[in-house]
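The opening residue of the sequence shown carries number 158 in our numbering; numbering runs sequentially from there.
Beta carbons are placed, not taken as given, at the ideal position from N, Cα and C, and that holds for glycine.
Read through the structure below, which is laid out as structure tokens, and then see the notes.
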Amino acid sequence: MGTARAAGALGVVAVALLLLSGTGTSLAGWNDSTSVGRATTVASGALSTTPVQDEVLVHRGGSALPASTPLLPGDVVEITTSVRLAVRGVAGELALDAAGAAQAFSAEGITLGAPSTTVAGLPPGPATVDGVTWRGRVTGADDGRVVTATVRLPLGTGQSAAAQGRRVDLAARPATWSLTQDGAHAGWRDGESVAPGALATDTVALAVARTGAGTASVANTSGAASVAWSPTALTAAPAARTTVAEAGAVLSGLTIGYGTDCAATDRWRLQAGSGPTRSVTGAPAPLAAGAGSALCLAAAPADADALVRAHGARSVTLSTTVTATADVAPEWTATGQATATYQVPFPRPAGLACASGSYLLNLERPAVLTWSWAGSATLQPAVARWEVVTQHRDGTWHALDRTVSGTLRAEIYRGDLVSAGWVQRFKLRAYPFTADGRVDRSVYVESDTVLQLHYDILLGFASCRGSVANDDPAATPILGGLS
Numbered sequence: 158m159g160t161a162r163a164a165g166a167l168g169v170v171a172v173a174l175l176l177l178s179g180t181g182t183s184l185a186g187w188n189d190s191t192s193v194g195r196a197t198t199v200a201s202g203a204l205s206t207t208p209v210q211d212e213v214l215v216h217r218g219g220s221a222l223p224a225s226t227p228l229l230p231g232d233v234v235e236i237t238t239s240v241r242l243a244v245r246g247v248a249g250e251l252a253l254d255a256a257g258a259a260q261a262f263s264a265e266g267i268t269l270g271a272p273s274t275t276v277a278g279l280p281p282g283p284a285t286v287d288g289v290t291w292r293g294r295v296t297g298a299d300d301g302r303v304v305t306a307t308v309r310l311p312l313g314t315g316q317s318a319a320a321q322g323r324r325v326d327l328a329a330r331p332a333t334w335s336l337t338q339d340g341a342h343a344g345w346r347d348g349e350s351v352a353p354g355a356l357a358t359d360t361v362a363l364a365v366a367r368t369g370a371g372t373a374s375v376a377n378t379s380g381a382a383s384v385a386w387s388p389t390a391l392t393a394a395p396a397a398r399t400t401v402a403e404a405g406a407v408l409s410g411l412t413i414g415y416g417t418d419c420a421a422t423d424r425w426r427l428q429a430g431s432g433p434t435r436s437v438t439g440a441p442a443p444l445a446a447g448a449g450s451a452l453c454l455a456a457a458p459a460d461a462d463a464l465v466r467a468h469g470a471r472s473v474t475l476s477t478t479v480t481a482t483a484d485v486a487p488e489w490t491a492t493g494q495a496t497a498t499y500q501v502p503f504p505r506p507a508g509l510a511c512a513s514g515s516y517l518l519n520l521e522r523p524a525v526l527t528w529s530w531a532g533s534a535t536l537q538p539a540v541a542r543w544e545v546v547t548q549h550r551d552g553t554w555h556a557l558d559r560t561v562s563g564t565l566r567a568e569i570y571r572g573d574l575v576s577a578g579w580v581q582r583f584k585l586r587a588y589p590f591t592a593d594g595r596v597d598r599s600v601y602v603e604s605d606t607v608l609q610l611h612y613d614i615l616l617g618f619a620s621c622r623g624s625v626a627n628d629d630p631a632a633t634p635i636l637g638g639l640s
């Protein structure tokens, strides 16, 4: 062999030795060969992994769901990943490390149960498994094999409320395959990252919307969680022309129930108590994710006449708190508000009657008007003022300067009779409110009838001539109830 040829051959050998050493350079998946002398071949090996398939599923009960499914406590996240091995001329260690995936959940405050990892595709042999990691031996006999690992990450059932709506980015903390050469000159290595993307935990959400007087719709807008829901509390606040104390008293005078069917409102009941907020009790109703239900409120006075006499025309805003709890997570809750207004009725004075009067000199005995209101003939605190009004010949109505005291009666004096020889009409007005110490005359009701009184000036006698219906629009009672 000439010098130049020998030098060239030595150079080739030197290159081959450098490649085999693996010093400072990743040599995964490469191979090369050259001739040294006669009929002699020195060849490099191969050590590499090639990704085949990665998949993430969510197991819930007996179902396998896509990774886009909002996660619930008790779900199992299953990461399946496969690689194809190239192992020629060397031996090494194949490892899977999914610790980062588990840490991605922990970083979001999501607790996990005991994870597990299984590997298939290799012959039985020694391996080290520790929850989210696996290590095993590979040789040239494993060249071309497809190895599949399955990592199962179970979500704990005792998740805190803060674990709702959390995004878990598995791409930021991927599981990894690694394949590393054995031996004194170990330096060949290869690997793959398993980065399937992001998952997210569900958020329990409830949408409550008013649909009418005392009615509302309740919708479970959670992504996946079934819930149990119920009205849990009611707060009464004063509405127009009503004080805080009056609102509390009105609430105490009402019997309130709820139901999912307006024909049966006894599923849930308001409990007795003091103060503006009181609890509602009853068994929760189930509601699947995406489903809805009606909520009906019924409010009725325990003693209708007593409530009217004490607080007629007073109004309260009733705000019902509706609470939903996830079936699989007691800490995952959502609330909504259903509102309605209840007004105590303010009826018209009824039973207006009169007793004839005499107005002879020094023997005056005035005519007397009597009536009843809310089942009673005595004064009531709900009425700020009673007023007798009479009609003049020009058709206009004028209030008599008269204070009604004691029982519900008013006397008609000679000076109240504006003209002799004709039939004069009288009716009543009842005002429920005061403002700044004065009667609020913008709200009132009138008696359901108008009395007629005839004054004969010659005889000095005022005789009752019956009554007619009061068809004045202002006579309309305040019906009250829910709105």
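Have a look at Q316 and L639 and give me their C-alpha separation to the nearest angstrom. Reading the sequence shown from its first residue, position 159 is the one you call residue 316. Reading the sequence shown from its first residue, position 482 is the one you call residue 639. About 41 Å.
Since L526 and I569 are thought to touch, with beta carbons under 8 Å apart, how far apart are those beta carbons, to the nearest angstrom? Taking the first residue of the sequence shown as 1, we reach residue 526 at position 369. Taking the first residue of the sequence shown as 1, we reach residue 569 at position 412. Right, the Cβ-Cβ distance comes to about 7 Å (below 8 Å), so this counts as a contact.
A524 to P589 span [Cα, whole Å]: Here residue 524 refers to the residue found at position 367 when the sequence shown is read from its first residue. Here residue 589 refers to the residue found at position 432 when the sequence shown is read from its first residue. So the two alpha carbons sit approximately 26 Å from each other.
Contacts around T438, its chain only, beta-carbon distance under 8 Å, and the 5 residues preceding and following it disregarded: Along the sequence shown, one-based indexing puts residue 438 at 281. Within its own chain, the residues whose Cβ lies closer than 8 Å to the Cβ of T438, once the five positions on either side in sequence are excluded, are W425, R426, Q428, listed in chain order.
To the nearest angstrom, report how far apart D423 and G414 are at their CA atoms. Indexing the sequence shown from 1 puts residue 423 at position 266. Indexing the sequence shown from 1 puts residue 414 at position 257. Those two C-alpha atoms are separated by around 5 Å.
Return the first residue and the last residue of the beta strand (DSSP E) that Q428 is part of. Reading the sequence shown from its first residue, position 271 is the one you call residue 428. Q428 -> no beta strand (DSSP E), and no H or E assigned at all.
Look at the alpha carbon of A255 and the alpha carbon of T274, and state the distance between them as a whole number of angstroms. Along the sequence shown, one-based indexing puts residue 255 at 98. Along the sequence shown, one-based indexing puts residue 274 at 117. If you take the alpha carbons of A255 and T274, they lie about 9 Å apart.
Beta-carbon within less than 6 Å of T268's beta-carbon, same chain only, minus the 5 sequence neighbours each way: which residues are those? For the purposes of this step, residue 268 is taken as residue 111 along the sequence shown, with counting starting at 1. Cβ within range, chain order: G313.
Separation of T399 from H468, as counted between CA atoms: Against the sequence shown, residue 468 aligns to sequence position 311. Against the sequence shown, residue 399 aligns to sequence position 242. Rounded to whole angstroms, H468 to T399 spans 9 Å at the Cα level.
On the CB-based measure, 16 or more other CB atoms within 10 Å of its CB, does S604 come out buried or exposed? Stepping through the sequence shown from its first residue, residue 604 is reached at position 447. Looking at its Cβ environment, which holds 16 or more other Cβ atoms inside 10 Å, S604 is buried.
Return helix, strand or coil for E265, following the three-state DSSP convention. Along the sequence shown, one-based indexing puts residue 265 at 108. If DSSP states are grouped into helix, strand and coil, E265 belongs with coil.
Can you tell me where the alpha helix (DSSP H) with L408 in it begins and where it stops? For this step, residue 408 is matched to residue 251 along the sequence shown. It spans 401 to 409 - the alpha helix (DSSP H) in which L408 sits, taken as one unbroken run.
For L214, list the residues DSSP reports as bridge partners. Along the sequence shown, read from residue 1 onward, the residue named residue 214 stands at position 57. According to DSSP, which records beta bridges pairwise, L214 is partnered with P223, E235.
Using the Cβ count rule (16 or more neighbours within 10 Å means buried), how would you classify T606? Position 449 of the sequence shown, counting from 1, holds the residue named residue 606. Buried.
Stretch pair the segment 449 to 466 + the segment 624 to 636: three plus CB contacts closer than 8 Å: no
Just confirm the distance between the C-beta atoms of W530 and P504, as a whole number of angstroms; I'd bet it's less than 8 Å. Sequence index remark: in the sequence shown, residue 530 carries index 373 (1-based). Sequence index remark: in the sequence shown, residue 504 carries index 347 (1-based). Confirmed, Cβ separation roughly 7 Å.
Counting along the chain, where does the alpha helix (DSSP H) carrying D462 start and finish? Position 305 of the sequence shown holds residue 462. Segment 461 to 468, the alpha helix (DSSP H) holding D462.
With burial defined as no fewer than 16 other Cβ atoms inside 10 Å of the residue's Cβ, what is the status of P227: buried or exposed? If you number the sequence shown from 1, residue 227 lands on position 70. Buried: at least 16 other Cβ atoms inside 10 Å.
Which residues mark the beginning and the end of the beta strand (DSSP E) in which A148 is found? No information on residue 148 is available, as it lies outside the stretch 158 to 640 that the chain covers here.
In chain order, what residues of the same chain have a beta carbon less than 6 Å from the beta carbon of P283, not counting five sequence neighbours either side? In the sequence shown, counting from the first residue as 1, residue 283 sits at position 126. A distance below 6 Å between beta-carbons, with the five flanking residues on each side excluded, links P283 to no residue of its chain.
For the candidate residues A512, C621, A224, whose alpha-carbon lies nearest to that of L327? The residue given as residue 327 occupies position 170 in the sequence shown. Ranking the options by Cα distance to L327, first place goes to A224.
A440 versus P388: straight-line alpha-carbon distance, rounded: Walking along the sequence shown from the start, residue 440 turns up at place 283. Walking along the sequence shown from the start, residue 388 turns up at place 231. Each residue's alpha carbon lies about 10 Å from the other.
Go to L452, then tell me how far its beta strand (DSSP E) extends in each direction, as first and last residue. Position 295 of the sequence shown holds residue 452. Counting along the chain, the beta strand (DSSP E) containing L452 begins and ends at 449 to 458.
Residue range of the beta strand (DSSP E) that Y588 falls in? Here the question's residue 588 lines up with position 431 in the sequence shown. 580 to 588 is the span of the beta strand (DSSP E), which, as asked, contains Y588.
Within 10 Å of its beta-carbon, does N377 have 16 or more other beta-carbons around it, so buried, or fewer, so exposed? Here residue 377 refers to the residue found at position 220 when the sequence shown is read from its first residue. Looking at its Cβ environment, which holds 16 or more other Cβ atoms inside 10 Å, N377 is buried.
On the CB-based measure, 16 or more other CB atoms within 10 Å of its CB, does S263 come out buried or exposed? For the purposes of this step, residue 263 is taken as residue 106 along the sequence shown, with counting starting at 1. Result: exposed.
Please classify D299: does DSSP put it in a helix, a strand, or coil? Position 142 of the sequence shown, counting from 1, holds the residue named residue 299. D299 carries a helical assignment under DSSP once its states are collapsed to helix, strand and coil.
Where do the N-terminal and C-terminal ends of the beta strand (DSSP E) with G511 fall, by residue? Here the question's residue 511 lines up with position 354 in the sequence shown. In the sequence on display, residue 511 carries Cys and not Gly. From DSSP, the beta strand (DSSP E) with C511 extends over 507 to 512.
With a threshold of 8 Å, are at least 3 pairs of Cβ atoms found where one atom belongs to the segment 361 to 371 and the other to the segment 284 to 291? no
Let's test the definition: count the other Cβ atoms within 10 Å of the Cβ of V580 and tell me whether it reaches 16, buried, or not, exposed. Taking the first residue of the sequence shown as position 1, residue 580 is located at position 423. By the neighbour-count rule (16 or more Cβ atoms within 10 Å), V580 is not buried but exposed.
Taking just the CA atoms, how far does L454 sit from V361? Mapped onto the sequence shown, residue 361 falls at position 204. Mapped onto the sequence shown, residue 454 falls at position 297. Rounded to whole angstroms, V361 to L454 spans 24 Å at the Cα level.
Quick one: Cα of S409 to Cα of G430, how far? As a position in the sequence shown, residue 409 is number 252, starting the count at 1. As a position in the sequence shown, residue 430 is number 273, starting the count at 1. So the alpha carbons of these two residues sit roughly 8 Å apart.
Within this structure, are the beta carbons of A381 and A277 separated by less than 9 Å? Numbered from its first residue, the sequence shown carries residue 381 at position 224. Numbered from its first residue, the sequence shown carries residue 277 at position 120. The answer is no: Cβ separation not under 9 Å.
For E235, which option in A258, E250, A248, G249 has the closest C-alpha, if you only look at C-alpha atoms? Residue mapping note: residue 235 aligns to position 78 of the sequence shown, counting from 1. Ranking A258, E250, A248, G249 by Cα distance to E235 puts A258 first.
Within 10 Å of its beta-carbon, does V213 have 16 or more other beta-carbons around it, so buried, or fewer, so exposed? Residue 213 sits at position 56 when you count from the first residue of the sequence shown. A buried status is given to V213, since no fewer than 16 other beta-carbon atoms sit within 10 Å of its beta-carbon.
Rounded to the nearest angstrom, what separates T285 and T296 at their Cα positions? Mapped onto the sequence shown, residue 285 falls at position 128. Mapped onto the sequence shown, residue 296 falls at position 139. Spanning the two alpha carbons is a distance of roughly 17 Å.
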